[in-house]
Amino acid sequence: MKILFLGYNDDHLKIIEEIQKTIPYNICEAEVFVCGYDDLGKLLIEKLLSMGARVRVGDFLTQRAPDFANDNITYIYTEKSESLKKMISPDEIVINTIPNLFQVNDENTTCKSRNIIDIDSYNSTYQKTKKYH
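Residue numbering for the sequence shown is 25 to 157, as defined by this note's numbering.
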């Protein structure tokens, strides 16, 4: 099952609540791959770690230096979106905060995850969750 969140407002805690409702099992010990390490990504990672998840973070190389302060997180940085998607394992839950990284009808995606939660930060209004396969 792949899940798409079409948008959110600035209430990051609301997003976390919706993610908790959406994931059909206990997040403790789950493997989670968070795409994007800006404000929303950092907030999600903090919450996921407090819930006992094992977290990996993927992001694009930028001018800003990566934050390697947390030993409980594996950081992966790359220059290409396809490289980032290839690093995701089928058993990981993917929470994406990078706009347009995954396309709804992208049949040729190299991401093998069965669970993708995609938060499109370009949409300013929170909309109902849509599920697609």
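Virtual Cβ for every residue (Gly too), placed ideally from N, Cα, C.
*CB D51 to CB G82, shorter than 9 Å?*
On the sequence shown, residue 51 is found 27 positions in, with the first residue counted as 1. On the sequence shown, residue 82 is found 58 positions in, with the first residue counted as 1. In the sequence on display, residue 51 carries Ile and not Asp. The criterion of a C-beta distance shorter than 9 Å is not satisfied by I51 and G82.
_Neighbour-count burial assignment, E106, 16 or more Cβ in a 10 Å radius_ = Within the sequence shown, the letter at position 82 stands for residue 106. With fewer than 16 Cβ atoms within 10 Å of its Cβ, E106 is classed as exposed.
_Mapping the DSSP letters down to three states, classify I40 as helix, strand or coil._
Taking the first residue of the sequence shown as position 1, residue 40 is located at position 16. The answer is helix: DSSP assigns I40 an H, G or I state.
*In terms of DSSP beta bridges, what is C59 paired with?*
In the sequence shown, counting from the first residue as 1, residue 59 sits at position 35. Under DSSP, C59 forms a beta bridge with G82, N120.
*Rounded to a whole number of angstroms, what is the C-alpha to C-alpha distance between I69 and K104?*
Stepping through the sequence shown from its first residue, residue 69 is reached at position 45. Stepping through the sequence shown from its first residue, residue 104 is reached at position 80. Going from the Cα of I69 to the Cα of K104 covers about 22 Å.
*asked:* Nearest by alpha-carbon distance to M111: which of I97, N124, R80, L73 is it?
replied: Indexing the sequence shown from 1 puts residue 111 at position 87. Per the Cα distances, R80.
*Is it buried or exposed for D142, if we count other Cβ within 10 angstroms and need 16 for buried?*
Position 118 of the sequence shown holds residue 142. That one is buried.
*Output the distance between the C-alpha atoms of E41 and I119, rounded to the nearest integer angstrom.*
Here residue 41 is taken as the residue at index 17 of the sequence shown, counted from 1. Here residue 119 is taken as the residue at index 95 of the sequence shown, counted from 1. If I take the Cα positions, the gap works out to 13 Å.
*Let me know the secondary structure DSSP gives I69 once reduced to three states.*
Here residue 69 corresponds to residue number 45 of the sequence shown, with the count starting at 1. Reduced to three states, the DSSP call for I69 is helix.
*In terms of residues, what are the limits of the alpha helix (DSSP H) holding K110?*
If you number the sequence shown from 1, residue 110 lands on position 86. Secondary structure note for K110: its alpha helix (DSSP H) is the uninterrupted segment 105-110.
*To the nearest whole angstrom, what separates the beta carbons of L85 and T102, a pair I think is in contact under 8 Å?*
On the sequence shown, position 61 is the one that residue 85 refers to. On the sequence shown, position 78 is the one that residue 102 refers to. Sure, about 7 Å apart at Cβ, within 8 Å.
*Can you tell me whether K38 is buried or exposed, with buried defined as 16 or more other CB within 10 angstroms of its CB?*
Your numbering for residue 38 matches position 14 in the sequence shown. Under this definition K38 is an exposed residue.
*For N96, is the classification buried or exposed, using 16 other Cβ atoms within 10 angstroms of its Cβ as the cut-off for buried?*
For the purposes of this step, residue 96 is taken as residue 72 along the sequence shown, with counting starting at 1. Burial call: exposed.
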